[in-house]
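Have a look at the structure below before the remarks.
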Amino acid sequence: MKHKNRSQLLDRQTRAFTTGTVELINDQWIFFDEETDEASMLEYYIDQEIEVLRFNSWEKGQLLEEGQINLPYGIVALENSASIRIKKNLVFSLEMLLDDLNDDAFIQFITSLNTAHFSIYDCIYCHNHLSFLQKSGRREGVNFLMFDNMDGICAVQHHFRYNEKNQDRFEFTLNTGKRFIIEKLP
């Protein structure tokens, strides 16, 4: 799987974006999160990927200074009360872990998480033991992840053994007591 395909799978995750509206107040652009009603300065998101709702479709671009967006066809200015989506960032240690997974393990992990009604963007904690190990030679251990989708909690243990053949085992435990295991054998 190419990196682009992985990115597309991540983009299709629920809760991958924070959605809201923007308003120009006292010469400053303010972003109002529609889920939490919290306000924040739009300048905090400069140079990040955002999407703006234009002509009933979301257009992807990069936020520039002074309320401008660099879209594929040119730079446009935001309008008061414009709807935008700001791409959420993954927890850094989780991002590193996902990069280390082979394509099969990556797909199995993401789809299993989605089956339990969690998004990769629901991650609130990730201890990536794999990142502390050297890239060459035998590597084995356990990574610990916690997800919160506002309706429930999911704890994931990722047992890995990487040598001549890679072995990944994901143990999911939900706050309801439901548990399931996904294992990728060599």
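If you use the numbering used here, the sequence shown closes out at 170, no skipped numbers anywhere.
C-beta: ideal position from N, C-alpha, C; glycine also.
Keep in mind the model is a prediction, meaning the values are calculated, not measured.
Out of the options, which has the shortest C-alpha to C-alpha gap to residue i?
i, options, result
"E124", "C107, Y146, I104 and F116", "Y146"
"F76", "I137, D17, D11 and N112", "N112"
"I70", "H143, G4 and R163", "G4"
"I166", "Q151, N159 and M25", "Q151"
"N10", "Y57, D17, N64 and L114", "N64"
"N(-11)", "F1, V60 and D88", "D88"
"K168", "Q52, Y57, F102 and I91", "I91"
"S96", "L158, G58, Q52 and F15", "L158"
Please state whether DSSP places residue i in a helix, a strand or coil.
i, result
"F116", "helix"
"S96", "helix"
"D11", "coil"
"S103", "coil"
"A23", "strand"
"G51", "helix"
Which value, in whole angstroms, describes the spacing of the CA atoms of residue i and residue j?
i, j, result
"M134", "N54", "33 Å"
"I137", "T(-2)", "16 Å"
"S(-9)", "L74", "12 Å"
"Q118", "W42", "42 Å"
"L85", "F93", "9 Å"
"G121", "R38", "51 Å"
"E79", "F131", "14 Å"
"Y28", "L129", "27 Å"
"Q141", "E19", "30 Å"
"A139", "E155", "8 Å"
"R153", "H101", "19 Å"
What's the call for residue i, buried or exposed, on a 16-neighbour Cβ count within 10 Å?
i, result
"E35", "buried"
"H(-13)", "exposed"
"I68", "buried"
"N127", "buried"
"T160", "exposed"
"T99", "exposed"
"F164", "exposed"
"F144", "buried"
So with Cβ pairs under 7 Å, would you call residue i a contact of chain E?
i, result
"M130", "Looking for chain E here will not work: only one protein chain is present."
Exercise for the section: Would you be able to state if there are at least three C-beta pairs under 8 Å between the segment 44 to 54 and the segment 21 to 35? Expected result: Contact check between the segment 21 to 35 and the segment 44 to 54: three or more CB pairs, one atom from each, fall below 8 Å, which counts as touching.
Exercise for the section: Specify whether the segment 101 to 108 and the segment -5 to 13 touch according to this definition: at least 3 beta carbon pairs, one from each stretch, less than 8 Å apart. Expected result: yes
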